[in-house]
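Report on the following structure.
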Amino acid sequence: MMMMMMRRISERATGFSNKKLILKSSAASLFHGESLDSSVSPVLIPGVHVFHCQDAVGIVAKLSDCIAAKGGNILGYDVFVPENNNVFYSRSEFIFDPVKWPRHQVGEDFQAIAQTYGAMNSVVRVPSIDPKYKIALLLSKQDHCLVEMLHRWQDGKLPVDITCVISNHERASNTHVMRFLERHGIPYHYVATTKDNKREDEILELVKDTDFLVLARYMQILSGNFLKGYGKDVINIHHGLLPSFKGGYPAKQAFDAGVKLIGATSHFVTEELDAGPIIEQMVESVSHRDNLRSFVQKSEDLEKKCLTKAIKSYCELRVLPYGTNKTVVF
Amino acid sequence: MIRRVSTTSSLSATAFGSFMKWSFQSSHFHGESLDSSVSPLLIPGVHVFHCPDVVGIVAKLSDCIAAKGGNILGYDVFVPENNNVFYSRSEFIFDPVKWPRSQMSEDFQTIARKFNAMSSVVRVPSLDPKYKIALLLSKQDHCLVEMLHKWQDGKLPVDITCVISNHERAPNTHIMRFLQRHGISYHYLPTTDQNKIEKEILELVKDTDFIVLARYMQVLSGNFLKGYGKDVINIHHGLLPSFKGRSPAKQAFDAGVKLIGATTHFVTEELDSGPIIEQMVERVSHRDNLRSFVQKSEDLEKKCLMKALKSYCELRVLPYGTLKTVVF
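Sequences listed follow chains X and P, in order. Taking my numbering, the leading residue of the first sequence gets 1, the next gets one more, and so forth. Taking my numbering, the leading residue of the second sequence gets 331, the next gets one more, and so forth.
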């Protein structure tokens, strides 16, 4: 699912017009501290490329040469080849001159290498040119995660376009969340679910044009049919340290179990409840002095941090599938 | 279980001999003047109390200490919400001439009876005999080695009566030479699927105050636990309740978690489910292979077990409900 998702991003990114390129690159030139005499200095903008293929000799040489040949300068490079496993992962951060190396050419050049190596995954992203990720946020009654994400989005710390918010709980129009969404023109869809009807078709219709979904304390289980139908990544925040305390009320489960550490887990959603590949986990200490209220409060603080960190990693192309139920997070 | 510890520590037959040895040390410890004919020798004491909650407990306990000239240096009280129980732990210094050890026990015992205490334990580390413990392990000995070294350094204030293992060890190994040097007996008791030789183990450990399972991989039956009747502390190399049972590091590795941990807990009939005393974690990532998962796990186990034992020996650990602990 992650692979499919990444390919779509790559495709979408290549079809971009030149107009915005000029606008954004002026922002980038200031960002890179270039001289104001733009007729002499090139304007360099950042790019990120992730690559996942069968391991072979020479991949790094090929990828780095591809970038250097077009005048790109690699600023960061992560390579990971697991033991006993003939796969190769890399993530490179580079800056380049989009005049010397036009955006569509970047896509094509990496695509050529991807074909050479039969890559499972090759995604390049130029944040200042490519459209932002379009996401939909789903939640039920608890909205602390949604609020955190909305505020970060407003602060520019979450570089996505929020297409809509979907909830199986109704919210009064004079609440903070609803006023916020209205101010920013983000539609809120109240999709009430029952035991027999999860209204997945309607949700699918609402989210079909998004790049990925975030379940920010959405307490309904999405079926295998939904996940197949959507076909792209769904990220969930579980307010427990998986694989402990799957399902409902993990804070209460933890409280009753007498643990000394509670946690939160961000993971990809699969058919099996709370069992998909883990992206990020965080913990905090608890003791006999904590009651259920403080367990829940600490849990909520962790959820916000953990979900935000996972989405940031995801948007920065740091998260890659590893085996059947693990992730590489560069 | 803590009640039994109380009974043991009130035995003061051997206490007087050690009193002579220790009071010299404690007078220096407390920075008293060298003119011992004028200054009293103050030694530390710890008291934990667990009873149904009512008004006036702290007043009574603190008065008991003050009336005998004791000075409270630290006091922890915990009364949980929605639960009418009282826990306290006090650290104080006192003059054993003014407040003899046997009198101290009686005084606290009186208060315990008055409040129908579930638990009242007083301990004077410099007088009372050290806890006698037995250590059980299987093949992995990193936890045992850590405990032995800390014990040698004086950081684990116990008497190790014996080491029991279902694995044989050659006499020229580090552990065996260490145990021999210190006169600690090593008992090789091989177990089979049918015979866990619990009777033999029980016989070897019956005079101990508690048992530590330092990577002992056999499951102790309910019969054994009832027969032994005292606390058994286990280190589980996983973050409970995740990854119970065998090879938790491998389970964690396969599950793709980003944090691994260790848990120290009291042993009950149910495997890896008793009240938790301490937990610790460390980060792992895709860059960790099974070897480094295991290595990080072992480092955590050592720290986690030592911390739990230290807390237990300092009377910081009390039962809370059926499944939990108060750890002051």
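For each residue, glycine too, the CB sits at the ideal point set by N, CA and C. Remember, it's a predicted structure, so these values are computed and weren't measured experimentally.
Practice item. Just the C-alpha distance for P/Val493 and P/His504, rounded to the nearest angstrom, thanks. Key: 14 Å
* Skipping 5 residues on each side, what residues in its chain have a beta carbon closer than 6 Å to that of X/Phe245? -> Gln253 and Ala254
### Task
Give the DSSP-derived three-state secondary structure of X/Ser35 in the structure shown.
Low per-residue confidence applies at X/Ser35: pLDDT is 49, beneath 50, and the placement is therefore not dependable enough to give any value.
Task: Range of the contiguous alpha helix (DSSP H) that encloses X/His176 - done: His176 to Arg183
Taking X/His49 as the reference, which of X/Val43, X/Pro42, X/Cys66 and X/Ser41 has the closest Cα?
X/Cys66
Would you decide whether X/Gly72 is buried or exposed? Buried here means 16 or more other CB atoms lie within 10 Å of its CB.
-> buried
Proximal residues of chain P, C-beta to C-beta of X/Val283 below 7 Å
Leu589 and Val611
Next on the checklist: In whole angstroms, give me the CA-to-CA distance for P/Gly399 and P/Ser435.
Outcome noted: 15 Å
- Do you know whose CA, among P/Ala579, P/Asp539 and P/His567, lies nearest P/Asp560's CA? At residue 560 of chain P the sequence reads Lys, which differs from the Asp that was named. When only C-alpha atoms are compared, the closest one is P/Asp539.
**Prompt:** Does X/Val286 come within less than 7 Å of chain P when only Cβ atoms are used?
**Reply:** no
Cut-off 8 Å between Cβ atoms - residues of its own chain near X/His151, not counting five sequence neighbours on either side: none
Backbone CA spacing between P/Lys536 and P/Tyr558 [nearest angstrom] | 7 Å
* Asked: What is the DSSP secondary structure of P/His360, counted as helix, strand or coil?
  -> Residue confidence is low: P/His360 scores 49 on pLDDT, short of 50, so the model does not pin down where it sits. Its coordinate-derived value is still stated next. If DSSP states are grouped into helix, strand and coil, P/His360 belongs with coil.
**Study point:** X/Glu202, buried or exposed, once every other Cβ within 10 Å from all chains shown has been counted against 16
**Key:** exposed
Worksheet item: For P/Gly552 and chain X, any beta-carbon pair shorter than 7 Å?
Response: no
task = Take X/Gln154 as the anchor and find which of X/Glu271, X/Phe180 and X/Leu137 has the nearest alpha-carbon.
result = X/Phe180
Selection from X/Pro82, X/Gln115 and X/Pro127 that minimises the alpha carbon distance to X/Phe96 = X/Pro127
If you count every other CB in all the chains shown that lies within 10 Å of the CB of X/Asn85, and 16 or more means buried, which is it?
-> exposed
| Smallest Cα separation from P/Gln482: which of P/Ser420, P/Thr491 and P/His512? | P/His512
Discussion item. Against chain P, does X/Glu272 count as a neighbour if the rule is that its beta carbon must be under 7 Å from one of theirs?
Written reply: no
Quick one: using the 10 Å Cβ neighbour count with 16 as the cut-off for buried, is X/Asp290 buried or exposed? buried
- Query: According to DSSP, what are the bridge partners of P/Asp602?
  - Reply: According to DSSP, which records beta bridges pairwise, P/Asp602 is partnered with nothing at all.
| field | Helix, strand or coil at X/His238 [DSSP, three-state] | value | strand
Practice task
For X/Gly258, go through chain P and note every residue whose CB falls closer than 8 Å to its CB, in chain order.
Solution key: Pro605, Ile606, Tyr650, Gly651, Leu653, Lys654 and Thr655
Notebook entry, point to check: Is there contact between the stretch 601–612 of chain P and the stretch 562–577 of chain P, where contact requires at least three CB pairs shorter than 8 Å?
Noted result: yes
Check your understanding: How about X/Thr265 and X/Ile278: are their beta carbons less than 7 Å apart?
Key -> yes
Worksheet item: At least one CB of chain P closer than 7 Å to the CB of X/Pro277: is that the case?
Response: yes
Endpoints, beta strand (DSSP E) assigned at P/Gly651:
Premise fails: P/Gly651 is in no beta strand (DSSP E) and is neither H nor E.
When burial is assigned at 16 or more other CB atoms within 10 Å of the CB, is P/Ser495 buried or exposed? buried
In three-state DSSP terms, what is P/His595?
strand
(request) Work out the CA separation of P/His566 and P/Leu635 for me, nearest whole Å. (result) 9 Å
Margin query: Please tell me whether P/Tyr642 has its Cβ less than 7 Å away from any Cβ of chain X.
Written below: no
- prompt: First and last residue of the alpha helix (DSSP H) that includes X/Met219?
  reply: Here X/Met219 belongs to no alpha helix (DSSP H), and DSSP marks it neither H nor E.
Based on the DSSP output, what are the partners of P/Val415 in its beta bridges?
P/Pro382
- In chain order, what residues of the same chain lie with their CB nearer than 7 Å to the CB of X/Ser242, ignoring the 5 residues before and after it? In the sequence on display, residue 242 of chain X carries Leu and not Ser. If we look at X/Leu242 and ignore the five residues flanking it on each side, its Cβ neighbours are Thr265, His267, Asp274 and Ile278.
field: Nearest residue (CA-CA) to X/His184, options X/Asp161, X/Cys306, X/Lys232 and X/Ile113
entry: X/Asp161
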